[in-house]
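**Q** This is the structure I have questions about; it appears just below.
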Ligand code: DER
């Protein structure tokens, strides 16, 4: 099975867990896109009735194309289920997310969900967060200097994420902020780093999702693993 088939298998498995009457949070990224595609199919073929919120323009545009009705995220108070991808997943289901620069709204949706399901190919599994991935940050533009200084003191090297070739200058998130990628290397105590990052004014969001995932659906060539 090639990588896309693995992502699709995980996405379909998660989309099949959605029941009529649920309020559903729809994540962002190439794996989440397979989940959204399957949800659209179920709405068309089974008449599934759900209230859905999106985590990005990317997913919103996909929902419009598929006829998945959305309400504004601000109209939802809590969610029965939210399904999203991840960049790194450790054995305790802690995550690094944010490759797609959607992690500010994704974390809000994750925090609203009764059941937060992560879908990924098995290549996302790591022993220690930070092995391969930098931690994406969402930074208020006027705080870029102070946040860079403070996160550097926490032991990271930071780079503002540039938009090339799609856009000259920096990536601007769906919420109008800058994105930076903070390379910490392997993170021995992700919960402590989460706590430290959450204290920094102007650092509006980051890609460490600690203790948020209820279930991980991993697609490997020999089948689906859930933990
Ligand atoms: O940016 C994000 O948070 C995405 O969910 C990312 O973590 C996973 O994207 P992928 O499914 O395309 O690898």
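Residue numbers (UniProt numbering): 2 to 228.
By construction, the Cβ of each residue, glycine as well, lies at the ideal position given by its N, Cα and C atoms.
1. According to the neighbour-count rule (16 or more other Cβ atoms, all chains shown, within 10 Å of its Cβ), is residue 45 buried or exposed?
2. Among the residues of its own chain, which have a CB less than 7 angstroms from the CB of residue 117, if the five just before and after it don't count?
3. Apart from the five residues just before and just after residue 241, which ones in its own chain have a Cβ nearer than 7 angstroms to its Cβ?
4. Quick check: is any heavy atom of the ligand DER less than 7 angstroms from the C-beta of residue 39?
5. Any idea if residue 224 is buried or exposed, counting beta-carbon neighbours within 10 angstroms, 16 or more meaning buried?
6. May I have the straight-line CA-CA distance separating residue 87 from residue 204, to the nearest angstrom?
7. Any heavy atom of the ligand DER closer than 7 angstroms to the Cβ of residue 181?
8. Could you tell me which residues DSSP pairs with residue 23 in its beta bridges?
9. Please name the residue in 93, 178, 134 and 146 whose C-alpha comes closest to that of residue 119.
10. Please determine whether the Cβ atom of residue 98 lies at a distance below 7 angstroms from any heavy atom of the ligand DER.
11. Assuming residue 26 contacts residue 67 under a Cβ cut-off of 8 angstroms, what Cβ separation, rounded to an integer in Å, is found between them?
12. Which residue marks the beginning of the alpha helix (DSSP H) containing residue 146, and which one marks its end?
13. Confirm, please, whether the CB-CB distance from residue 51 to residue 23 is below 8 angstroms.
14. One question on the structure: do residue 161 and residue 141 come within less than 8 angstroms of each other, judged by their Cβ atoms?
15. How many Å lie between residue 198 and residue 145 at the Cα?
16. Nearest by alpha-carbon distance to residue 31: which of 20, 211, 21 and 63 is it?
17. At what residues does the alpha helix (DSSP H) containing residue 5 begin and finish?
18. Please list, in chain order, all residues of the same chain as residue 126 whose beta carbon is under 7 angstroms from its beta carbon, the five residues on each side excluded.
**A** The structure says:
1. It counts as exposed.
2. 83, 111, 213, 214 and 215, listed in sequence order.
3. Residue 241 lies beyond the stretch modelled for the chain, which goes from 2 to 228, so this question has no answer here.
4. Outside the cutoff, so no.
5. With fewer than 16 other Cβ atoms within 10 Å, it is exposed.
6. If I take the Cα positions, the gap works out to 20 angstroms.
7. Not under cutoff, so the answer is no.
8. Note: residue 23 sits in no beta bridge, so no partner.
9. Among 93, 178, 134 and 146, the Cα nearest to that of residue 119 is on 93.
10. It does: the Cβ of residue 98 is within 7 angstroms (strictly closer) of some heavy atom of the ligand DER.
11. The beta-carbon distance between residue 26 and residue 67, rounded to whole angstroms, is 16 angstroms. This is too long to meet the 8 angstroms contact definition.
12. Element bounds for residue 146: 145 to 154.
13. Yes, Cβ-Cβ distance for residue 23 and residue 51 is below 8 angstroms.
14. Not a contact, by the Cβ cut-off of 8 angstroms.
15. Each residue's Cα considered, the two are about 14 angstroms apart.
16. Looking at the Cα atoms, 63 is the closest of the given residues.
17. DSSP places residue 5 inside the alpha helix (DSSP H), whose first and last residues are 4 to 16.
18. So the qualifying residues of the chain are 90 and 219.
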